[in-house]
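At position 67 of the sequence shown (counting the first as 1) the number is 1197 in the working numbering, and the numbers step up by one without a gap.
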Amino acid sequence: MPYRHAFSGNPLDRSGDLRNDAAWLAEQEANPEALAMILWEGRPLIETHEGAERLVWLSLAHARDLARDRDVFLGLWKGAPVFAAEFEGSIDPTSGPAGGLGRFVEMREAAVVLPEADAGIAATAKSLFDWRRRHGFCAACGQATDQASGGWKRVCPACGTEHFPRVDPVVIMLPVYKGGTEPRCLLGRQAAWPAGRMSALAGFMEPGESIEEACAREVMEEAGLTVCDVRYHSSQPWPFPGQLMIGLIAEVTTDEAAPDQTELEAVAWLTRAEARAVLDETHPTIHAPAPYAIARRLLESWAAE
(Lines of atoms letter the chains of each structure in order from A and count residues from 1; the text may use other names and numbers.)
(Lines give C-alpha, C1' and ligand atoms only; values in the text may rest on other atoms or scores of the structure.)
Protein backbone atom coordinates (compact mmCIF):
# COMPACT_ATOMS: atom_id res chain seq x y z
CA MET A 1 0.00 0.00 0.00
CA PRO A 2 1.46 3.42 -0.95
CA TYR A 3 0.14 5.22 2.16
CA ARG A 4 0.01 3.74 5.65
CA HIS A 5 -1.26 6.24 8.17
CA ALA A 6 -1.21 6.18 11.95
CA PHE A 7 -3.98 3.97 13.37
CA SER A 8 -4.03 1.80 10.24
CA GLY A 9 -1.97 -1.38 9.92
CA ASN A 10 -3.86 -3.49 12.48
CA PRO A 11 -2.39 -6.97 11.79
CA LEU A 12 -5.08 -9.02 13.52
CA ASP A 13 -7.43 -11.37 11.72
CA ARG A 14 -10.72 -9.91 12.90
CA SER A 15 -12.49 -13.25 12.33
CA GLY A 16 -15.71 -11.50 11.37
CA ASP A 17 -17.13 -14.74 10.01
CA LEU A 18 -16.45 -16.64 13.26
CA ARG A 19 -17.08 -14.19 16.09
CA ASN A 20 -20.87 -14.47 15.59
CA ASP A 21 -20.64 -18.11 16.74
CA ALA A 22 -21.08 -18.02 20.51
CA ALA A 23 -19.59 -21.50 20.96
CA TRP A 24 -16.49 -20.61 18.96
CA LEU A 25 -16.07 -17.36 20.89
CA ALA A 26 -16.36 -19.24 24.19
CA GLU A 27 -13.53 -21.51 23.03
CA GLN A 28 -11.36 -18.46 22.37
CA GLU A 29 -12.11 -17.05 25.81
CA ALA A 30 -11.13 -20.37 27.40
CA ASN A 31 -7.91 -20.66 25.40
CA PRO A 32 -4.97 -20.44 27.85
CA GLU A 33 -3.01 -18.51 25.19
CA ALA A 34 -5.63 -15.74 25.01
CA LEU A 35 -4.08 -12.30 25.47
CA ALA A 36 -5.53 -8.89 26.26
CA MET A 37 -4.39 -5.30 26.03
CA ILE A 38 -5.66 -2.77 28.56
CA LEU A 39 -7.15 0.69 28.17
CA TRP A 40 -8.29 3.28 30.65
CA GLU A 41 -10.86 5.73 29.31
CA GLY A 42 -9.48 5.26 25.79
CA ARG A 43 -5.80 5.39 26.81
CA PRO A 44 -3.75 2.25 26.04
CA LEU A 45 -1.38 0.78 28.61
CA ILE A 46 2.18 0.81 27.26
CA GLU A 47 5.64 -0.07 28.51
CA THR A 48 9.24 0.59 27.56
CA HIS A 49 11.10 -2.51 26.37
CA GLU A 50 14.71 -2.38 25.19
CA GLY A 51 14.45 1.35 24.60
CA ALA A 52 11.21 1.22 22.58
CA GLU A 53 7.55 1.61 23.50
CA ARG A 54 5.04 -1.22 23.04
CA LEU A 55 1.61 -2.27 24.23
CA VAL A 56 1.38 -4.19 27.48
CA TRP A 57 -0.11 -7.65 26.97
CA LEU A 58 -1.64 -9.68 29.79
CA SER A 59 -3.33 -13.04 29.86
CA LEU A 60 -7.08 -12.68 29.33
CA ALA A 61 -7.68 -14.17 32.78
CA HIS A 62 -5.42 -11.53 34.38
CA ALA A 63 -7.07 -8.72 32.41
CA ARG A 64 -10.52 -9.90 33.49
CA ASP A 65 -9.42 -9.94 37.10
CA LEU A 66 -8.44 -6.29 36.71
CA ALA A 67 -11.41 -5.02 34.65
CA ARG A 68 -14.40 -7.30 35.04
CA ASP A 69 -17.12 -7.43 32.37
CA ARG A 70 -15.35 -4.83 30.26
CA ASP A 71 -13.66 -6.73 27.45
CA VAL A 72 -14.07 -7.20 23.69
CA PHE A 73 -12.67 -9.67 21.18
CA LEU A 74 -10.24 -8.06 18.72
CA GLY A 75 -9.24 -11.02 16.56
CA LEU A 76 -6.57 -13.66 16.10
CA TRP A 77 -2.81 -13.24 16.00
CA LYS A 78 -1.08 -16.31 14.55
CA GLY A 79 -4.02 -18.37 15.75
CA ALA A 80 -4.05 -17.00 19.29
CA PRO A 81 -7.12 -15.01 20.43
CA VAL A 82 -6.60 -11.35 21.26
CA PHE A 83 -8.91 -9.25 23.45
CA ALA A 84 -9.00 -5.78 24.98
CA ALA A 85 -10.26 -4.78 28.43
CA GLU A 86 -11.03 -1.28 29.63
CA PHE A 87 -11.02 0.52 32.95
CA GLU A 88 -13.48 3.36 33.48
CA GLY A 89 -13.42 6.18 36.00
CA SER A 90 -11.33 9.22 36.88
CA ILE A 91 -8.63 7.46 38.92
CA ASP A 92 -5.58 6.16 37.05
CA PRO A 93 -5.55 2.37 37.54
CA THR A 94 -1.74 2.34 37.69
CA SER A 95 -2.15 3.81 41.17
CA GLY A 96 -4.20 0.74 42.09
CA PRO A 97 -4.90 -2.61 40.41
CA ALA A 98 -2.69 -1.96 37.37
CA GLY A 99 0.26 -0.69 39.39
CA GLY A 100 3.66 -1.66 38.06
CA LEU A 101 2.36 -2.81 34.68
CA GLY A 102 3.19 0.29 32.65
CA ARG A 103 1.63 3.67 31.99
CA PHE A 104 -1.52 4.86 30.23
CA VAL A 105 -1.04 7.39 27.42
CA GLU A 106 -3.41 9.44 25.29
CA MET A 107 -4.11 7.87 21.91
CA ARG A 108 -2.44 10.72 20.01
CA GLU A 109 0.77 10.13 21.96
CA ALA A 110 0.40 6.42 21.31
CA ALA A 111 0.30 7.12 17.56
CA VAL A 112 3.71 8.78 17.82
CA VAL A 113 5.55 6.36 20.13
CA LEU A 114 4.08 2.93 19.32
CA PRO A 115 4.90 0.69 16.37
CA GLU A 116 2.35 0.84 13.55
CA ALA A 117 0.77 -2.52 14.42
CA ASP A 118 0.37 -1.67 18.11
CA ALA A 119 -1.17 1.73 17.34
CA GLY A 120 -3.61 0.11 14.90
CA ILE A 121 -4.71 -2.48 17.46
CA ALA A 122 -5.12 0.17 20.17
CA ALA A 123 -7.15 2.41 17.86
CA THR A 124 -9.51 -0.45 17.01
CA ALA A 125 -10.05 -1.19 20.69
CA LYS A 126 -10.64 2.46 21.59
CA SER A 127 -13.25 2.89 18.85
CA LEU A 128 -15.09 -0.25 19.97
CA PHE A 129 -15.23 0.85 23.60
CA ASP A 130 -16.24 4.39 22.67
CA TRP A 131 -19.12 2.98 20.60
CA ARG A 132 -20.12 0.64 23.41
CA ARG A 133 -20.15 3.50 25.90
CA ARG A 134 -22.42 5.61 23.68
CA HIS A 135 -24.81 2.87 22.57
CA GLY A 136 -25.82 1.05 25.72
CA PHE A 137 -29.50 1.53 24.94
CA CYS A 138 -31.59 0.55 21.96
CA ALA A 139 -32.30 3.39 19.54
CA ALA A 140 -35.56 1.69 18.55
CA CYS A 141 -37.21 1.12 21.93
CA GLY A 142 -34.89 2.52 24.61
CA GLN A 143 -34.12 -0.72 26.43
CA ALA A 144 -30.62 -1.62 27.62
CA THR A 145 -28.75 -3.69 25.04
CA ASP A 146 -26.61 -6.81 25.46
CA GLN A 147 -23.16 -7.39 24.02
CA ALA A 148 -22.84 -9.98 21.24
CA SER A 149 -20.23 -11.13 18.72
CA GLY A 150 -17.43 -10.40 21.14
CA GLY A 151 -18.34 -6.72 21.36
CA TRP A 152 -18.88 -6.10 17.64
CA LYS A 153 -22.66 -6.09 18.01
CA ARG A 154 -25.27 -5.14 20.60
CA VAL A 155 -28.69 -6.76 20.67
CA CYS A 156 -31.87 -5.43 22.27
CA PRO A 157 -33.49 -8.19 24.36
CA ALA A 158 -36.84 -6.40 24.15
CA CYS A 159 -37.35 -5.79 20.42
CA GLY A 160 -34.51 -7.80 18.88
CA THR A 161 -32.90 -4.87 17.07
CA GLU A 162 -29.22 -5.40 16.31
CA HIS A 163 -26.80 -2.48 16.58
CA PHE A 164 -23.32 -2.36 15.03
CA PRO A 165 -20.32 -0.05 15.52
CA ARG A 166 -20.66 3.01 13.35
CA VAL A 167 -17.93 4.64 11.34
CA ASP A 168 -18.52 8.29 10.42
CA PRO A 169 -16.99 9.31 7.06
CA VAL A 170 -15.13 12.62 6.96
CA VAL A 171 -13.75 14.27 3.84
CA ILE A 172 -10.40 15.97 4.41
CA MET A 173 -8.96 17.84 1.45
CA LEU A 174 -6.12 20.02 0.32
CA PRO A 175 -7.51 22.69 -2.04
CA VAL A 176 -5.12 23.44 -4.92
CA TYR A 177 -5.22 26.36 -7.37
CA LYS A 178 -3.34 25.97 -10.65
CA GLY A 179 -4.23 29.25 -12.34
CA GLY A 180 -1.39 31.43 -11.13
CA THR A 181 2.30 31.57 -11.97
CA GLU A 182 2.79 28.34 -10.03
CA PRO A 183 0.45 25.93 -8.21
CA ARG A 184 -0.52 26.75 -4.64
CA CYS A 185 -2.36 24.84 -1.93
CA LEU A 186 -4.60 26.18 0.82
CA LEU A 187 -4.35 25.53 4.53
CA GLY A 188 -6.87 26.66 7.12
CA ARG A 189 -6.73 27.43 10.80
CA GLN A 190 -9.27 26.90 13.59
CA ALA A 191 -9.20 29.38 16.47
CA ALA A 192 -8.85 26.64 19.11
CA TRP A 193 -5.59 25.28 17.69
CA PRO A 194 -2.13 26.15 19.05
CA ALA A 195 -0.66 29.36 17.70
CA GLY A 196 0.44 29.04 14.08
CA ARG A 197 -1.03 25.58 13.52
CA MET A 198 -2.72 25.14 10.14
CA SER A 199 -4.13 22.09 8.42
CA ALA A 200 -6.22 20.75 5.57
CA LEU A 201 -9.95 21.50 5.36
CA ALA A 202 -12.32 18.81 6.61
CA GLY A 203 -15.94 18.04 7.37
CA PHE A 204 -18.42 15.23 7.93
CA MET A 205 -20.24 13.78 4.98
CA GLU A 206 -24.01 14.25 5.03
CA PRO A 207 -26.78 11.83 3.99
CA GLY A 208 -27.28 11.69 0.24
CA GLU A 209 -23.81 13.00 -0.62
CA SER A 210 -21.05 11.46 -2.67
CA ILE A 211 -17.47 11.97 -1.53
CA GLU A 212 -16.96 14.53 -4.30
CA GLU A 213 -20.13 16.43 -3.37
CA ALA A 214 -19.18 16.55 0.30
CA CYS A 215 -15.72 17.82 -0.63
CA ALA A 216 -17.17 20.60 -2.81
CA ARG A 217 -19.70 21.63 -0.17
CA GLU A 218 -17.18 21.80 2.66
CA VAL A 219 -14.64 23.79 0.63
CA MET A 220 -17.34 26.27 -0.37
CA GLU A 221 -18.71 26.56 3.18
CA GLU A 222 -15.35 26.95 4.88
CA ALA A 223 -13.32 28.91 2.32
CA GLY A 224 -15.77 30.19 -0.30
CA LEU A 225 -14.03 28.29 -3.12
CA THR A 226 -15.56 26.30 -5.99
CA VAL A 227 -14.14 22.81 -6.52
CA CYS A 228 -13.75 21.72 -10.16
CA ASP A 229 -11.91 18.42 -9.73
CA VAL A 230 -11.37 15.92 -6.91
CA ARG A 231 -8.58 13.34 -6.70
CA TYR A 232 -8.55 10.59 -4.08
CA HIS A 233 -5.34 10.26 -2.09
CA SER A 234 -5.79 7.78 0.78
CA SER A 235 -7.81 7.18 3.96
CA GLN A 236 -7.14 6.95 7.67
CA PRO A 237 -9.12 5.42 10.56
CA TRP A 238 -9.47 8.12 13.19
CA PRO A 239 -10.46 6.82 16.66
CA PHE A 240 -11.82 10.09 18.08
CA PRO A 241 -14.20 8.37 18.48
CA GLY A 242 -14.78 6.48 15.22
CA GLN A 243 -14.28 8.33 11.95
CA LEU A 244 -12.80 7.41 8.59
CA MET A 245 -10.82 10.31 7.15
CA ILE A 246 -11.07 10.29 3.34
CA GLY A 247 -8.07 12.20 2.02
CA LEU A 248 -8.50 14.22 -1.19
CA ILE A 249 -6.73 16.75 -3.40
CA ALA A 250 -9.35 19.30 -4.56
CA GLU A 251 -8.64 21.61 -7.47
CA VAL A 252 -10.44 24.97 -7.17
CA THR A 253 -11.31 27.61 -9.77
CA THR A 254 -9.93 30.70 -8.03
CA ASP A 255 -7.54 31.76 -5.28
CA GLU A 256 -9.98 34.26 -3.76
CA ALA A 257 -10.52 32.36 -0.52
CA ALA A 258 -12.66 33.75 2.30
CA PRO A 259 -12.61 31.87 5.64
CA ASP A 260 -16.09 31.57 7.09
CA GLN A 261 -14.94 32.67 10.61
CA THR A 262 -17.00 29.84 12.10
CA GLU A 263 -15.00 26.79 11.08
CA LEU A 264 -11.90 28.72 10.04
CA GLU A 265 -10.47 31.96 11.35
CA ALA A 266 -7.74 32.23 8.71
CA VAL A 267 -6.40 30.61 5.54
CA ALA A 268 -3.06 30.70 3.76
CA TRP A 269 -1.96 29.87 0.21
CA LEU A 270 1.39 28.08 -0.10
CA THR A 271 3.64 27.33 -3.04
CA ARG A 272 5.36 23.96 -3.00
CA ALA A 273 8.53 25.58 -1.66
CA GLU A 274 6.53 27.24 1.13
CA ALA A 275 4.76 23.98 1.88
CA ARG A 276 8.12 22.24 2.27
CA ALA A 277 9.20 25.01 4.65
CA VAL A 278 6.07 24.40 6.72
CA LEU A 279 6.83 20.68 6.84
CA ASP A 280 10.44 21.37 7.79
CA GLU A 281 9.26 23.79 10.53
CA THR A 282 11.28 26.59 8.91
CA HIS A 283 8.29 28.68 7.85
CA PRO A 284 8.22 31.95 9.85
CA THR A 285 4.55 31.80 10.89
CA ILE A 286 2.89 28.47 10.01
CA HIS A 287 3.25 25.14 11.78
CA ALA A 288 2.46 21.86 10.03
CA PRO A 289 -0.31 19.41 10.95
CA ALA A 290 0.60 16.76 13.52
CA PRO A 291 2.83 13.94 12.21
CA TYR A 292 0.15 11.29 12.83
CA ALA A 293 -2.56 13.16 10.88
CA ILE A 294 -3.53 12.45 7.27
CA ALA A 295 -3.52 16.22 6.70
CA ARG A 296 0.26 16.17 6.97
CA ARG A 297 0.50 13.33 4.46
CA LEU A 298 -1.68 15.26 2.01
CA LEU A 299 0.62 18.25 2.31
CA GLU A 300 3.75 16.09 2.00
CA SER A 301 2.41 14.35 -1.09
CA TRP A 302 1.48 17.58 -2.85
CA ALA A 303 4.73 19.33 -1.92
CA ALA A 304 6.74 16.44 -3.38
CA GLU A 305 4.96 16.40 -6.77
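Here a beta-carbon is modelled for each residue, glycine too, at the ideal position from N, C-alpha and C.
All values derive from a computational prediction rather than experimental measurement.
Whole-angstrom distance between LEU1317 and GLU1351, CA atom to CA atom
14 Å
Taking only the alpha-carbon atoms, compute the straight-line gap between THR1415 and GLN1273 and give it to the nearest angstrom.
About 53 Å.
Cβ-heavy atom distance, ALA1160 to the ligand FAD, below 6 Å:
Ligands are entirely absent from the displayed structure, and the ligand FAD is therefore not among its contents.
Expected contact under 8 Å - CB spacing of LEU1409 and ALA1418 to nearest Å:
5 Å
Could you pull the start and end residues of the beta strand (DSSP E) that CYS1315 belongs to?
1314-1319
Taking only the alpha-carbon atoms, compute the straight-line gap between LEU1331 and GLY1310 and give it to the nearest angstrom.
21 Å
Please specify which runs of the alpha helix (DSSP H), each continuous and at least 4 residues long, are wholly inside the stretch 1331-1416, giving them in chain order.
1341-1353 and 1402-1409
Three or more C-beta pairs below 8 Å linking the stretch 1218-1232 and the stretch 1166-1173:
These segments touch.
Taking C-alpha atoms, which residue in TYR1362, LEU1204, GLN1320 and TRP1154 lies nearest to GLY1281?
Measuring from the Cα of GLY1281, the nearest candidate turns out to be LEU1204.
Residue of TRP1187, GLU1435, ARG1144 and MET1303 minimising C-alpha distance to VAL1349:
Nearest option by C-alpha distance: MET1303.
Close beta carbons around ALA1425, own chain, < 7 Å, minus the five adjacent residues each side
ILE1302, SER1329, ALA1330 and PRO1419
Rounded to a whole number of angstroms, what is the C-alpha to C-alpha distance between VAL1397 and GLU1180?
Cα-Cα distance, rounded: 44 Å.
Straight-line gap, PRO1227 to ILE1176 (C-alpha atoms, nearest Å):
15 Å
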